[in-house]
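Sequential numbering from 1 applies to the sequence shown in this note's numbering.
No residue lacks a Cβ here, since even glycine has one placed at the ideal position from N, Cα and C.
Just so we're clear, the structure is a prediction, and the values are computed from it rather than from any experiment.
Okay, so here's the structure we're looking at.
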Amino acid sequence: MNHFKGLTLDLKFLGLPLLRFKSWAWLLGVVVSLSHLSVTQAKPAEIATQGTASPAQLLVLGDSLSAAYGMAVEQGWVSLLSQKLQPYAINVINASISGETSSGGKNRLPALLKQHQPNWVILELGANDALRGQSLPSIQNNLASIIEQSQQVGAKVLLLGIRLPTNYGPAYDQALTHLYQNLADRYQLLFDPFFLAELALDPQWVQADGLHPNAQAQPKILQRLWPHIQTLIGEARLSR
């Protein structure tokens, strides 16, 4: 098994001790890059498809892992998904923001639901919370609120989970894994427990900063997620 060289980030200004990230540390660092915390104020880009007058809507609510960090927006997996869904009159709205937390996503969601009225929601949040050592009940409550709000407007939800670097210890990592699984079971969601599993340990899929998945990794992310998305949307619709 390949491992990345150790990478140290000074997080003292966040009130956290100096942390050393190993192996697949980029998985969590990607969502809270020191030079991009301010991006949380950016407006999410909408990726619109060409279709009928009233296309269906798919909302992606995530962080840097879904926000095409460090590359042209067209290279990100969400944009690739938008292109793939163009023939089926489905708009993909990418509401992902670098540095986003579950709390931030929860607060932004009501306006997004009102504006876009999505048929489906892909939820990819929680990594920033975990990196900052937020309490698991807080993360769970925020994600549960996002799921419930989405389901209340009739949207089906696909939940994407993450894992923690080894320096956080197995107990917290296992608890976070169980948190995602419990949410998936409780709300009967489509679920991928670690959607970057094939990429996280291989440096060929990481940007030069050692933190973010690169442009070459984006098609592989979509390839892994596509079977879930087919089920989410419905194979009958996608076979038209």
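Within the continuous alpha helix (DSSP H) that includes LEU123, where are the two ends? Segment 120-124 is the beta strand (DSSP E) holding LEU123; no alpha helix (DSSP H) there.
Identify the continuous beta strand (DSSP E) that holds ALA184 and give its terminal residues. Segment 170-187 is the alpha helix (DSSP H) holding ALA184; no beta strand (DSSP E) there.
Roughly how far, in whole angstroms, is the beta-carbon of LEU61 from the beta-carbon of VAL153, given that I think they are within contact range, below 8 Å? Contact flag wrong, Cβ pair sits at about 13 Å.
For TYR168, which residues from the same chain have a beta carbon less than 8 Å from its beta carbon, with the 5 sequence-adjacent residues on both sides left out? ALA130
Once DSSP output is grouped into helix, strand and coil, what is the label at LEU164? coil
Suppose the cutoff is 6 Å on Cβ atoms and the five residues either side in sequence are ignored; what does the same chain contact list for LEU179 look like? LEU136 and GLN140
Just to confirm the assignment: which complete alpha helix (DSSP H) runs, minimum length 4, are found wholly within the stretch 71-124? 77-85 and 102-116
Local conformation of GLN57 per DSSP, three classes: strand
Helix, strand or coil at PRO213 according to DSSP, with G and I counted as helix: strand
Taking DSSP as the reference, what is the three-state secondary structure of LEU201? coil
Excluding five sequence neighbours on each side, which residues of the same chain lie with their C-beta closer than 6 Å to the C-beta of ALA215? MET71 and GLN75
With distance defined between alpha-carbon atoms, name the residue in ILE221, ARG132, PRO87 and ILE147 nearest to ASN107. ILE147
Within 10 angstroms of the Cβ of SER102, are there 16 or more other Cβ atoms? Answer buried if so, exposed if not. buried
Assuming ASP192 is part of the alpha helix (DSSP H), what are its boundary residues? Taken as a continuous stretch (DSSP letters only), ASP192 belongs to no alpha helix (DSSP H), being part of the beta strand (DSSP E) at 190-192.
Beta-carbon separation of GLU264 and LEU164 under 7 Å? With the chain running from 1 to 240 in the structure shown, residue 264 is simply not present.
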